[in-house]
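Under UniProt numbering, the first residue of the sequence shown is numbered 1, with each subsequent residue one higher.
Even glycine gets a Cβ: it sits at the ideal position worked out from N, Cα and C.
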Amino acid sequence: MASQERSMPFIKNLASSDRKIRTSALASLHAFLSARQVASALTPLDVLKLWKGLFYALWMCDRAIPQQNLCSELADLIYVLPREAVVPWMRGFWATMAREWTSIDVLRMEKFLLLVRRVVGAGFKWMRKGSGSEGSKKKGNKEGSDWDASKVDDLVVLLGEWPLALEEEARIEQIADVERGGWRPNRAEDPPAGLSPAVRVRSKESLADERLPGNRKPESEAQVDDGTEDAEGDGGDWGGFDD
1 MASQERSMPF IKNLASSDRK IRTSALASLH AFLSARQVAS ALTPLDVLKL
51 WKGLFYALWM CDRAIPQQNL CSELADLIYV LPREAVVPWM RGFWATMARE
101 WTSIDVLRME KFLLLVRRVV GAGFKWMRKG SGSEGSKKKG NKEGSDWDAS
151 KVDDLVVLLG EWPLALEEEA RIEQIADVER GGWRPNRAED PPAGLSPAVR
201 VRSKESLADE RLPGNRKPES EAQVDDGTED AEGDGGDWGG FDD
């Protein structure tokens, strides 16, 4: 473990509060991953450590343009990796997103959604023939499909391992749409049968949130409730039932 930490000294610098240190660490990581023997020898734990550092590099990044550039740079790291290292690298990304997603506050959510979109887009580009670190050496066959079947199979299976991460993103987008007034829940419709029990439970809890427009009590009911609670809280005498 100690030797692994010494071989990747830039991990901690990726999460530094100093922008120059983060930029230098990202350049070091790019060079590190460009070495085929090194990238191919990364363990799952090494990949998780790297993605945790990259997660906090984006966490500490301020202002829209630098955030957009950093998201593109992180997504494009897939292109410098050798073929056999891409799937473990992407698996580490999704594992990190699934682990850290609930800790992302509302002010940082947009840039992490952008990172997810950029990584997914980079994955689709990588699946095309002639893409990736071998793209400059090999050109895809122009006959037939433009997609590399083996790459497609690898990434589709990988995405299937992390469905909750994608469902969580969709749920947050749906709630954001509700807050903008663009969607109202239909109580007559049950959750889709294909969803897992955990997702159905969380969907019901989300739809029952009192902050949603359809769940807000009328002001008259709210005032009655408040008055009842106040009366009981004042400790007044109870005069019995009315005849």
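Does the Cβ of residue i have 16 or more other Cβ atoms within 10 Å, making it buried, or fewer, making it exposed?
i    : result
F124 : exposed
K49  : buried
K151 : buried
G63  : Note on identity: in this sequence residue 63 is Arg, with Gly being the wrong assignment. It counts as exposed.
K20  : exposed
K204 : exposed
D46  : buried
D148 : buried
A208 : exposed
A188 : Confidence in A188 is poor, its pLDDT being 44 and thus under 50, which makes the residue's placement unreliable; the coordinate value appears in the next sentence. Under this definition A188 is an exposed residue.
Under the DSSP definition of a beta bridge, which residues are partnered with residue i?
i    : result
R128 : W147
Quick one: what does DSSP say residue i is sitting in, helix, strand or coil?
i    : result
P9   : coil
S103 : helix
D154 : helix
S17  : coil
E210 : coil
P88  : helix
R63  : coil
L81  : coil
A188 : Any answer about A188 is weak, because its pLDDT of 44 lies below 50 and its placement is not dependable; what the coordinates show is given next. Here A188 sits in coil by DSSP.
T96  : helix
T43  : coil
A35  : coil
S136 : For S136, the pLDDT reaches just 44, beneath the cut-off of 50, and the residue's location in the model is therefore unreliable, although a value from the coordinates is still provided. Correct three-state label for S136: coil.
Got a sec? Which residues, its chain only, sit under 6 Å from residue i by beta carbon, not counting five neighbours each side?
i    : result
I11  : K49 and G53
V106 : none
M8   : none
A25  : F10, N13 and L14
C71  : L114, L115 and R118
Once the 5 residues before and after residue i are set aside, which same chain residues still bring their CB inside 8 Å of it?
i    : result
F93  : W51 and V119
D154 : V86 and V87
M127 : W147, D148, K151, V152 and L155
G121 : A75
Q67  : L58, C61, K111 and L114
Grab me the residues of residue i's own chain with a C-beta within less than 7 Å of its C-beta, minus the 5 sequence neighbours each way, in chain order.
i    : result
S28  : F10
V38  : F32
T96  : L48, W51, K52 and F55
I104 : F112
Of all Cβ atoms in chain C, is any one closer than 8 Å to the Cβ of residue i?
i    : result
L113 : Here there is only one protein chain, and chain C is not present.
With a threshold of 8 Å, are at least 3 pairs of Cβ atoms found where one atom belongs to the segment 52-70 and the other to the segment 80-87? no
Contact between the segment 33-44 and the segment 12-20: three or more CB pairs below 8 Å? no
Three Cβ pairs or more, each shorter than 8 Å: is that satisfied between the segment 85-99 and the segment 37-47? yes
Pairing CB atoms from the segment 63-78 with CB atoms from the segment 110-118, are three or more of them under 8 Å? The way I'd put it, the segment 63-78 does touch the segment 110-118; three or more beta-carbon pairs between them come closer than 8 Å.
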